[in-house]
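Protein sequence lines correspond, in order, to chains A and B. Okay, so the first sequence: first residue is 1 according to the working numbering, each after it adds one. Okay, so the second sequence: first residue is 1 according to the working numbering, each after it adds one. Have a look at the structure below before the remarks.
2 protein chains.
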Amino acid sequence: MTEGSAPVERGAREQGEANGVTRRRNEREILAAAERVFARYGYRGASLQAIAEQAGLPKSNVLYYMGSKRGLYVRLLERMMERWNALLDDISVEDDPAEVLEAFIRSKMQLSRRHPEGSRLFAAEILGGAPFLQEYLRGELRDWVQARARVFEQWAERGLMDPVDPVWLIFLIWSATQHYADFEAQVLGITGRDELSDADVEEITTFLTRVILKGCGVRSRDAAPAR
Amino acid sequence: MTEGSAPVERGAREQGEANGVTRRRNEREILAAAERVFARYGYRGASLQAIAEQAGLPKSNVLYYMGSKRGLYVRLLERMMERWNALLDDISVEDDPAEVLEAFIRSKMQLSRRHPEGSRLFAAEILGGAPFLQEYLRGELRDWVQARARVFEQWAERGLMDPVDPVWLIFLIWSATQHYADFEAQVLGITGRDELSDADVEEITTFLTRVILKGCGVRSRDAAPAR
DNA sequence: TCACTTCTTGACCGTTCGGTCAGGATAATC
DNA sequence: GATTATCCTGACCGAACGGTCAAGAAGTGA
Numbered sequence: 001m002t003e004g005s006a007p008v009e010r011g012a013r014e015q016g017e018a019n020g021v022t023r024r025r026n027e028r029e030i031l032a033a034a035e036r037v038f039a040r041y042g043y044r045g046a047s048l049q050a051i052a053e054q055a056g057l058p059k060s061n062v063l064y065y066m067g068s069k070r071g072l073y074v075r076l077l078e079r080m081m082e083r084w085n086a087l088l089d090d091i092s093v094e095d096d097p098a099e100v101l102e103a104f105i106r107s108k109m110q111l112s113r114r115h116p117e118g119s120r121l122f123a124a125e126i127l128g129g130a131p132f133l134q135e136y137l138r139g140e141l142r143d144w145v146q147a148r149a150r151v152f153e154q155w156a157e158r159g160l161m162d163p164v165d166p167v168w169l170i171f172l173i174w175s176a177t178q179h180y181a182d183f184e185a186q187v188l189g190i191t192g193r194d195e196l197s198d199a200d201v202e203e204i205t206t207f208l209t210r211v212i213l214k215g216c217g218v219r220s221r222d223a224a225p226a227r
Numbered sequence: 001m002t003e004g005s006a007p008v009e010r011g012a013r014e015q016g017e018a019n020g021v022t023r024r025r026n027e028r029e030i031l032a033a034a035e036r037v038f039a040r041y042g043y044r045g046a047s048l049q050a051i052a053e054q055a056g057l058p059k060s061n062v063l064y065y066m067g068s069k070r071g072l073y074v075r076l077l078e079r080m081m082e083r084w085n086a087l088l089d090d091i092s093v094e095d096d097p098a099e100v101l102e103a104f105i106r107s108k109m110q111l112s113r114r115h116p117e118g119s120r121l122f123a124a125e126i127l128g129g130a131p132f133l134q135e136y137l138r139g140e141l142r143d144w145v146q147a148r149a150r151v152f153e154q155w156a157e158r159g160l161m162d163p164v165d166p167v168w169l170i171f172l173i174w175s176a177t178q179h180y181a182d183f184e185a186q187v188l189g190i191t192g193r194d195e196l197s198d199a200d201v202e203e204i205t206t207f208l209t210r211v212i213l214k215g216c217g218v219r220s221r222d223a224a225p226a227r
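Below you can see the structure in the form of structure tokens.
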């Protein structure tokens, strides 16, 4: 229970182990543990002691690698923003609205699925007033949203979809997909599942795509009545 | 800055002040302050000191009224569940799907709007794995969802709406409405607003109602093309 | 083998945490 | 006015917090 009682016992790393392997493994372990702990307890509620225990290292070692709690947290946020940016490719008026929106919903859903802890970390940051991300929200992300919004509007002008407010539409897609990571505990409790299977996620993705595309009157090539 | 330096100075309560008025006012003040602080920092991250300062009372007084941090937190959760339950009236197959769904979206949206701190408190609790609410989720709330789900299915059988999965539909409505409380910082940052006006909220409500009802193929009496 | 860098960690620091408590202030009852 | 019950709060407690540091262990290149 107390700090000294756990004998640490990192399994591998008996002897030797070439150049920087230990360092990379430890860093990876610390980042993964920290993501879990920060996601669950928020920035203030998380403790370096808890992170260190999850990573199987003494607290001092975590600080040796990461410098400070704040630095560790910022590094995690930046990693999550990179993952986010990776799926934010540009679109143009020439693209097919149905394809773009479906790809949007699907990739966002997969991000929540592949990195649930990171998603929750991000959610906790926003929930607390986004003290570290305000600049990003008001700058980079805002520009990205407005660029997309303009394309949506042009699609509407061309009669490819209903003239809905594009910003509210983006928020709708974000919230609906984010929900399955952030509110996982609620989803599992209510559905009585232990976890969401790949099949469940596929079903939800299909559901969201159908409802949202139909709801916005998106004209799709392979249009078919729902189900 | 330090504990002793703030001279407390609760304005009123000079002399007398009939039976229990002070008590009620202090309790209200503490609950409001605690809701803000817990919502922002989560259960672990919140400190009684911060709550006391927000309430304009010494920390000891907060503990005098509330007994413990845990008790205070549970009480806030229960208050939020009551507000939640207040808008969960029963529905039947005989009701009009369009009316029910719109009322559902609207009341949920108003709950997020009227009690943003409570909504965020709830979100933080779920985000952290719902340690205090697991029982509620797996019991009361699950039953409520399944009862509604059955009605949705019957509507679909009668051809009043598409045969979409009713549970995913409920989650969609929850997430889309909850978003405007929980991710307020993001919404404001991206839209460049200082706050959401009543008109904004009305616009969003209309948008969500239109997209979701149309997306589920709900047959409404006063059906009109979107916008 | 030896010098040198990097890694590892227990001990420790000042601060803040949730919670207790004694005892003074105030209000209610007779 | 005396008695009693309730309210209020500064001082204090042990534990846990983020962070520092010195000193030893382990790896590296000559």
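Just so you know, even glycine gets a beta-carbon here, dropped at the ideal spot from N, CA and C.
- Contacts with chain A at 7 Å (Cβ-Cβ) do not include serine 197(B).
- The beta-carbon distance between isoleucine 204(A) and valine 211(B), rounded to whole angstroms, is 17 Å. This is too long to meet the 8 Å contact definition.
- Contact between the region 167-184 of chain A and the region 113-122 of chain A is present: three or more C-beta pairs spanning the two stretches fall below 8 Å.
- Aspartate 165(B): not part of any alpha helix (DSSP H); DSSP gives it neither H nor E.
- Sequence-distant partners of alanine 123(B) (beyond 5 residues in either direction) whose C-beta falls short of 6 Å from its own C-beta, in its chain, are Asp182.
- Remark: C-beta atoms of threonine 191(A) and serine 112(A) do not approach each other more closely than 7 Å.
- The Cβ atoms of valine 37(A) and alanine 52(A) do not sit closer than 7 Å to each other.
- Straight-line measurement puts the Cα of lysine 108(A) at about 27 Å from the Cα of glutamine 110(B).
- Under a criterion of Cβ atoms nearer than 9 Å, the residues of chain A adjacent to tyrosine 41(B) are, in order, Gly42, Tyr43, Arg44, Gly45 and Gly128.
- In the same chain as cysteine 216(B), and ignoring 5 residues on each side of it, the C-beta atoms closer than 8 Å to its own belong to Leu101, Met161, Asp162, Val164 and Leu169, in chain order.
- Under the 8 Å Cβ criterion, the region 65-74 of chain A does not count as touching the region 62-76 of chain B, having fewer than three qualifying pairs.
- A Cβ-Cβ contact shorter than 7 Å links phenylalanine 132(B) with leucine 77(B).
- Counting only runs of 4 or more residues that sit fully inside the region 32-71 of chain B, the alpha helix (DSSP H) segments are 48-55 and 59-66, in chain order.
- The DSSP-derived three-state label of arginine 219(A) is coil.
- DSSP places valine 187(B) in the uninterrupted alpha helix (DSSP H) bounded by 184-191.
- Glutamate 94(A) and arginine 158(A) have their C-alpha atoms spaced approximately 11 Å apart.
- The C-alpha of arginine 24(A) is placed about 43 Å away from the C-alpha of aspartate 96(A).
- Assigned with DSSP and collapsed to three states, valine 151(A) falls in helix.
- Chain order gives no chain B residues near serine 68(A), where near means a beta carbon separation below 9 Å; the closest approach is about 17 Å.
- Using a 10 angstroms sphere on the CB of leucine 137(B), the tally of other CB atoms reaches 16 or more, which defines it as buried.
- By alpha-carbon distance to proline 58(A), the top candidate from Ile30(A), Trp144(A), Asp198(A) and Ser197(A) is Ile30(A).
- Chain order gives the chain A residues near alanine 124(B) as Gly42, Ala124 and Leu127, where near means a beta carbon separation below 8 Å.
- Between the alpha carbons of valine 145(B) and arginine 28(A) lies a distance of about 40 Å.
- Apart from sequence neighbours up to five positions away, the residues of its chain that approach alanine 39(B) with a beta-carbon distance below 7 Å are Glu117, Arg120, Leu121 and Ala124, ordered along the chain.
- DSSP, read as helix, strand or coil, puts isoleucine 212(A) in helix.
- Only residues of its own chain outside the window of five on either side were considered, and among them Leu137 have a CB closer than 7 Å to the CB of alanine 130(B), listed in chain order.
- With respect to the 7 Å criterion, arginine 44(B) and glycine 45(A) are classified as neighbours on the basis of their beta carbons.
- According to the DSSP assignment, phenylalanine 104(A) belongs to the alpha helix (DSSP H) that extends over 97-114.
- Those residues of the region 206-217 of chain A placed with their C-beta closer than 9 Å to a C-beta in chain B are Phe207, Leu208, Arg210, Val211, Ile212, Leu213, Lys214, Gly215, Cys216 and Gly217, ordered along the chain.
- At least one beta carbon of chain B lies nearer than 7 Å to the beta carbon of histidine 179(A).
- Taking all protein chains shown into account, glycine 42(A) has 16 or more neighbouring C-beta atoms within 10 Å of its C-beta and is therefore buried.
- Classified as exposed, arginine 193(B) has fewer than 16 neighbouring CB atoms from the shown chains inside 10 Å of its CB.
- As the crow flies, the alpha-carbon of valine 21(B) is around 17 Å from that of alanine 32(B).
- For glycine 159(A), the nearest beta carbon of chain B is not closer than 7 Å to its own beta carbon.
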